[in-house]
Every structure is written in structure tokens, then in C-alpha cells.
Amino acid sequence: LSRTHARSCSSTPTPCIPPETRAMAGHTACFRVQGMVPAFRPRVGGGKVRTSFGKSRVHQVTTRTATLVPATGSGDSKTAFNLEDVATPFIANKNSLNEGIASFYDESSGLWEDQWGEHMHHGYYPRGADRADHQKAQVDMIDLSLKWAGVSDTTRIRNMVDVGCGIGGSSRHISRKFGCVASGVTLSPIQAARATALSREAFLDKNDSLRKELSFQVADALDQPFENNSFDLVWSMESGEHMPDKAKFVNELTRVCAPGGRVLIVTWCHRNLVDRETELPAAERFLLDRICDAYYLPQWCSINDYQALFEKEGLVNVKTADWSEEVKPFWKAVVSVALTVNGILGLLKAGPATVRGGLVMPLMQKGLRDGTIKFNLITGEKP
């Protein structure tokens, strides 16, 4: 499930991995604070750093304690307790961002499937209107994203890759729709196994329209196990948030896309900066940072940043969209389900990382409501 960060600590954090190693994908550091080792917290390295987009910004490296800097920037700190902190002491340390992502989805995917089905992403709610058929809204998100990107029912798709495939919901739906071969990659062994099992069941079901055997494997989206120019459709539905190197991410998507094929990313972003802004205000960064901690997310970027990367890779007919209004009701529904007796018991049974993720869901609602978080789409064609 990506981000900018700033925090204040009551003591200076000591990295347990050297700074030069922290900056590498898969080797983000954990920090020792006040003699304690908290759970792995993905965040940007300290000091003046260069983003993937060649623009220098200053990011303050901290780890969350009971102290925060007020949004006024007065310099006086106050004690605060964030609700999600109740789960943190029970979450095992993770040595890398990839390990954190994998363990989070190993733990939480079963609960999500039980409550929401095979599609592990937002639903689409026209003009932000409520609807009761949430699983149909998730299917609509796939179909309408494809339609928006210019992929019609008559478009020829022979092979597609689902980058960050979850339990294979998008892969099966698109394979049924276009009769194509689908390959999926995820960091979670449990997700890969479940995606394979569900797809095999569908393939063997004579009443199911899935007529292709699909494949899923554990692999890093930044180092995909595919040849160049392999896929007519390169699909990433809400996985870009987890990518620590957005430039490498877009580069890999472009590399595996066949000439004449299409790359489509649907992802959370932070809002575009406005004139004279060099970074988001402290209050917005703090909100995003708390979400990062819960969902194992590195630095956020804006849709303008993604567009620059698409153009740098030589993709053409690049366009973007903001569907933030169209996903707001989904978070209300997710929170409502989580607050039921079965929802609470399911969170507790799944594990502490899932509990922590549940406790920050209202922050996603706040970020979307205030405009800090955007739900964006971007697509481009490989010439």
C-alpha cells in the first residue's frame, strides 16, 4: 500500500544501518531511540537528499515517539499519543522495506479476502456518491481505469503483467476480459500462493470464463524476472506507493512493456506542490509519515513527479487523472466494516501489524478529505 516525512524525537536517533546503505532499496534502516528498537520504519535518509526526480529537498529523519513538533513550527514540542502506537510494540523488527511489505501482506491478506473478496484495492464511486455494492465498485475500478487509459474491449492484449498483484484479482479479471496470458509479481509468498490457487480453481471450473493458466511469483517490482518488451499491458493497481525508487519503478515498467504497449499506474500520491512551495507543510508530512509507518511505505511523490518520469522514459501520449472524489466512499465503508464485531475480531486475529493498519485508516480519510492525499492515474504508450 508511499510518502514524505518529518518528525521530531526527544533524542537523536542512531541508525543501526549505515546511511549509505539506508538509501538503497531493500536496505532502509531501523533506528534505536531511547534504548529501544522499534519496528522497522521506512523513511527517507537524513540531511539533504536528492529525490528520484533530481530535485534536492531537506528531510528530517526521526522515528515516532510520544513527542511531535506542532504544525505552527514554534519549536516547542508537546506530548501526544497516536492511537496506532498501541500495536507497535508487538510488531517484530524488519530488516528491510521489502521484508516489511511482505510480512504485512502475509499477515493481512486473508482478512481482506474474507471481508472484501479477491480485489485488494479501492472501489469506484461515481462523483463520490455512496453505493452498497462495494465489490462491484472494485471491479468497476479496473474496467474504468482501462477505459480511461484507452484500452477498449477490442484492444488486442496477448500478455499482461500485474505488478503488485495481490491475490490475482486484476489478473483474472483482465485475462477473462481479453483472453490474455497474465503474469503477476508480489513480495508476499502467501499472496503468490493464494493467487495461484484461486486462478487454478477458476481455470478448472467449466463454468468460469477464465481459459488461460495464469502465473504468479514472488519478485521485486524494481527487478522484474521478465525479458524486455514482454507485455502489451503493464498494470500497477495501488502498488506504486510501496516503491522506494520511483524512477527505477517506472524504468522497469517501461522496460518490460512491448513496443506499442501501454503502462498504467493507479496509485496514491501526495498533492502537487503549489507556487513557492518546496515541500509539504509539517502537518501534512506528519500525517503521511504515520501512514507510512503503518503500511510500510517509503517516500510519497506527486502525480507531476510521475509524469516527469514517464516522459523521461520516452513514453508518449501520457495523461493523468485525479479520482480522489471517486474513492472517498470506499474508505468510509472499510472503516465501517472494521468497526463491526467481526471486523475487530478479524483485525486482532490477523496480527498487530494489521491492527496498526486498521487504526490509521481514518488518517487516509482525513488526507483525502483535506486534499493532502490524491488518488491518481497515469498512463503512457511505449513507441
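Numbering (our numbering), first residue to last: 5 to 387.
By construction, the Cβ of each residue, glycine as well, lies at the ideal position given by its N, Cα and C atoms.
Note that this is a predicted model, so its numbers are computed, not measured.
Apart from the five residues just before and just after residue i, which ones in its own chain have a Cβ nearer than 7 Å to its Cβ?
i	result
Glu315	Val322
Val341	Gln119 and Gly347
Met377	One detail in the question is off: residue 377 reads as Ile in this sequence, not Met. Result list for Ile377: Trp272, His274, Met368 and Gly371, in chain order.
Phe94	Pro356
Ser149	Leu268, Val270 and Leu381
Arg204	none
Met365	Trp335, Val338, Val339 and Ala342
Val90	none
Pro130	Glu330
Asp134	Pro333
Answer yes or no: do residue i and residue j have a C-beta to C-beta separation smaller than 9 Å?
i	j	result
Val254	Phe235	no
Met168	Ala225	In the sequence on display, residue 168 carries Gly and not Met. Cβ atoms of Gly168 and Ala225: closer than 9 Å.
Ala196	Val222	yes
Val267	Gly384	yes
Ala199	Phe220	yes
Asp166	Ala186	yes
Ala298	Leu208	no
Gly132	Met145	no
Going by C-alpha distance, which of the options is nearest residue i?
i	options	result
Leu202	Arg176, Thr324 and Gln369	Arg176
Glu329	Trp272, Leu291 and Thr282	Trp272
Phe447	Pro356, Thr324 and Leu351	With the chain covering 5 to 387 only, the question about residue 447 has no answer from this structure.
Glu242	Leu313, Asn232, His125 and Tyr129	His125
Asn308	Asn276, Leu284 and Trp239	Asn276
Arg373	Ile161, Leu351 and Glu288	Glu288
Cys184	Arg162, Val338, Leu284 and Gln303	Arg162
Asp326	Arg160, Ser306 and Leu313	Ser306
Phe85	Ala251, Leu343 and Arg294	Arg294
Lys252	Lys151, Ile146 and Gln228	Gln228
Glu317	Asp147, Gly127 and Pro263	Pro263
Gln397	Ala186, Val364 and Leu381	No answer is possible for residue 397: it lies beyond the span of the chain, which begins at 5 and ends at 387.
Trp304	Pro130, Val338 and Lys250	Lys250
Ala136	Leu363, Val338 and Ala354	Val338
Met164	Val90, Tyr129 and Ser240	Ser240
Ala354	Asp89, Glu103 and Glu117	Glu117
What does a CB cutoff of less than 6 Å around residue i pick up in its chain, not counting 5 residues either side in sequence?
i	result
Thr190	Cys169 and Ala196
Gly244	Ile269 and Thr271
Gln369	Trp335
Pro387	Val320
Ile105	Leu191, His246 and Tyr300
Leu257	Val238 and Val267
Gly375	Arg275
Gly58	Its pLDDT being 33, under 50, Gly58 is placed unreliably in this model, and the value from its coordinates should be taken loosely. Here the set comprises nothing.
His123	Gln142 and Gly173
With respect to 8 Å, is the separation between the Cβ of residue i and the closest non-hydrogen atom of the ligand MG below this value?
i	result
Asp249	For the ligand MG, the structure offers nothing, since it holds no ligand at all.
Excluding the five sequence neighbours on either side, which residues of its own chain have a C-beta within less than 8 Å of the C-beta of residue i, listed in chain order?
i	result
Thr358	Phe108, Glu111, Ser112, Leu115 and Leu351
Ala75	Note that Ala75 has pLDDT 40, beneath the 50 cutoff, so the model's placement of it is unreliable and no number is given.
Thr159	Phe182
Gly121	Gln139, Gln142 and Gly173
Pro193	Ala106, Asp110 and Val222
Asn232	Arg259 and Val260
Below 8 Å, how does it come out for the segment 134-142 and the segment 328-337: are there three or more Cβ pairs, yes or no? The count of Cβ pairs closer than 8 Å, one atom from the segment 134-142 and one from the segment 328-337, reaches three, so the stretches are in contact.
Are there three or more Cβ pairs, one per stretch, closer than 8 Å when the segment 214-222 is compared with the segment 174-190? Judged by pairs of C-beta atoms under 8 Å, the segment 214-222 touches the segment 174-190, as three or more such pairs exist.
Alpha helix (DSSP H) runs wholly inside the segment 214-286, at least 4 long, in chain order: Counting whole runs of 4 or more residues, the segment 214-286 contains the alpha helix (DSSP H) stretches 250-260.
What alpha helix (DSSP H) runs, 4 residues minimum, are completely inside the segment 91-137? Counting only runs of 4 or more, we get 101-120.
Runs of beta strand (DSSP E) wholly within the segment 297-336 (minimum 3 residues, chain order): Runs found: 320-326.
Quick one: which unbroken alpha helix (DSSP H) runs of 4-plus residues sit fully inside the segment 175-204? Chain order, please. Within the segment 175-204, no complete alpha helix (DSSP H) run reaches 4 residues.
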